[in-house]
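Trainee: Quick note on numbering: numbering that gives the first Met the number 0 labels position 71 of the sequence shown as 70, and the sequence is numbered without any gaps.
Glycine is no exception: its CB is placed at the ideal position from the N, C-alpha and C atoms.
What follows is a single structure, and I will ask about it in a moment.
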Amino acid sequence: MSAAEHSKHGATVTMRDVAKAAGVSVATVSHVVNDKPGARIGDDARRRVQEAVAELGYRPNALAKTLSQGSSRFIGLVADAIATTPFAGQIIHGAQDEAWKHGYVLLVANTDGNAAAENDAIAMMLEHQVHGILYSTWYHREIVVPEALHQTDTVLVDCFADGSGLPAVVPDEEQGGRTATEELLAAGHRRIAFINTTTPSPAQSGRLAGYRAALEAAGVAFDESLVFPAAPEQEGGYTTAPSIIGSGATAVFCHNDRVAMGLYDGLREQGLRIPDDVAVMGFDNQDVIAAHLRPPLSTVALPHYELGAAGVRILLGLEAPPDTRPQRVACPPVQRLSV
C-alpha cells in the first residue's frame, strides 16, 4: 500500500509515513513539522516534507501539540538487554529516579541487541521529541554508535565510543580491581590469586591493572603465575579450583561473582573451607548470587544505579559532561563473610 493509499484507507498517518514518502529521516520530518530552531534542513528536503504532509493529511497528534520548541519532558533510554538482566536493570532505576526528580519521564526500549528494533526504538523516541537519549549496554564495552543518535542529545551509559564526540559514563574497572585486592590485603593475605576473564574487554584489562596496582602499593611482588585465565562463568571458576590450590594462594580475587560461585564448588570438593582455608572476593555484586552463597560472598559492586542517574544529570546539563574520556564511576566494596 502506498503512502497515499495508506491515508485514504483511514489509517493514522505518522511521521514515519511522511518520512518514507519524502525520502528523508524521521528526525528531518520532526524538525520541519515543528520548525525546530537551528535545524539544518535543505530547501529541497523541506519542500518534499511539506508536500508529503499536505498529500497525506498528516496532523501532529495531541502529544506532539503539547511539545515546546521541539522538545518534551521525556528522556529516552535505549538498551540492549539491561531490562532483562536483574543486576544491570539498576541502570533503569537510577535513570528513572533521577528523571522524575527533575520533572521528566523515562521512555525505555529494550532491543535485545536487534538492530532493526533499535532503529525503530530511536525513531519512535525522536517522533516523541525526547529531550535526549541514554544509550546503554548491559556490560561495559566499546560500541559503534547508531547513526540516528546523532540527531539528538545522547549520553552513552556503561559503554563508550572513542572518537564519536558523545559523552559516556562507565564503571571505574581499575579502581574496582584495586579495591577488591585491597580488601584481601587488609585481611592479611599476601599470596593472592586472580581469576581473570579470557574475553578481551575494559573489565579484563582494568581489573588486572587494579590488582597489580594494589599489590605494588602494598609492597607485594606481582606474580604472573597467580593470574589464571578462565571463562567468565561458573564453570570457569570451578575448573580453575585445582590450579588455585596448587598455587598455594590463600586468597582469590575472581573476575565476577559467577566465577566465584564456581570456585566455591571446586574448593569444597577438595575439602577446603571459605574463608578459613581460602578467602574469596568477587566482582559485580549480583545480589541473587553473592548474598545467597554460603558463606555470603564479599565482592565489589558495579555502580549501575549511579551510572543511570549520572547519565540523566549529564543529559539535562546538571552535571558537566566528561571531556574526551568517559566519566568513571567508583565501584564500592560490599563486605560479607567470604574474606
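Given a threshold of 16 other Cβ atoms within 10 Å of its Cβ, counted over all protein chains shown, does serine 135 qualify as buried or as exposed?
Mentor: By the neighbour-count rule (16 or more Cβ atoms within 10 Å), serine 135 is buried.
Trainee: If you follow the alpha helix (DSSP H) that leucine 55 is part of, which residue opens it and which one closes it?
Mentor: Counting along the chain, the alpha helix (DSSP H) containing leucine 55 begins and ends at 42-55.
Trainee: Once the 5 residues before and after alanine 213 are set aside, which same chain residues still bring their CB inside 7 Å of it?
Mentor: Counting only Cβ-Cβ distances below 7 Å, and skipping sequence neighbours, we find Arg177, Thr180, Glu181, Leu184.
Trainee: Along the beta strand (DSSP E) that carries proline 228, what are the first and last residues, could you check?
Mentor: From DSSP, the beta strand (DSSP E) with proline 228 extends over 226-229.
Trainee: Would the stretch 44-54 count as touching the stretch 98-106 if we require 3 or more Cβ pairs under 8 Å?
Mentor: No contact exists between the stretch 44-54 and the stretch 98-106.
Trainee: Only counting the same chain, and skipping five residues up and downstream in sequence, which positions put a Cβ closer than 8 Å to that of serine 224?
Mentor: So the qualifying residues of the chain are Ser246.
Trainee: I'd like to confirm the pairing. Which residues does DSSP put opposite valine 12 in its beta bridges?
Mentor: Partner(s): none; valine 12 has no beta bridge.
Trainee: What does the alpha-carbon distance come out to for the pair aspartate 161 and valine 12?
Mentor: Their Cα atoms are separated by approximately 39 Å.
Trainee: Just grab the DSSP bridge partners of alanine 108 for me.
Mentor: According to DSSP, alanine 108 bridges with Val77.
Trainee: In terms of residues, what are the limits of the beta strand (DSSP E) holding aspartate 157?
Mentor: Residues 153-159.
Trainee: Given that a residue counts as buried once 16 or more other Cβ atoms are within 10 Å of its Cβ, and exposed if not, what is asparagine 113?
Mentor: So asparagine 113 counts as exposed.
Trainee: Measuring straight from C-alpha to C-alpha, what distance separates leucine 66 and methionine 124?
Mentor: Note on leucine 66: pLDDT 48, under 50, position unreliable in the model; the coordinate value appears next. Going from the Cα of leucine 66 to the Cα of methionine 124 covers about 13 Å.
Trainee: Quick check: the stretch 322-333 against the stretch 116-132, are there 3 or more CB pairs under 8 Å?
Mentor: No contact exists between the stretch 322-333 and the stretch 116-132.
Trainee: For histidine 149, which residues in the same chain have their Cβ closer than 7 Å to its Cβ, ignoring the five residues on either side in sequence?
Mentor: Taken in chain order, the list of residues that qualify is empty.
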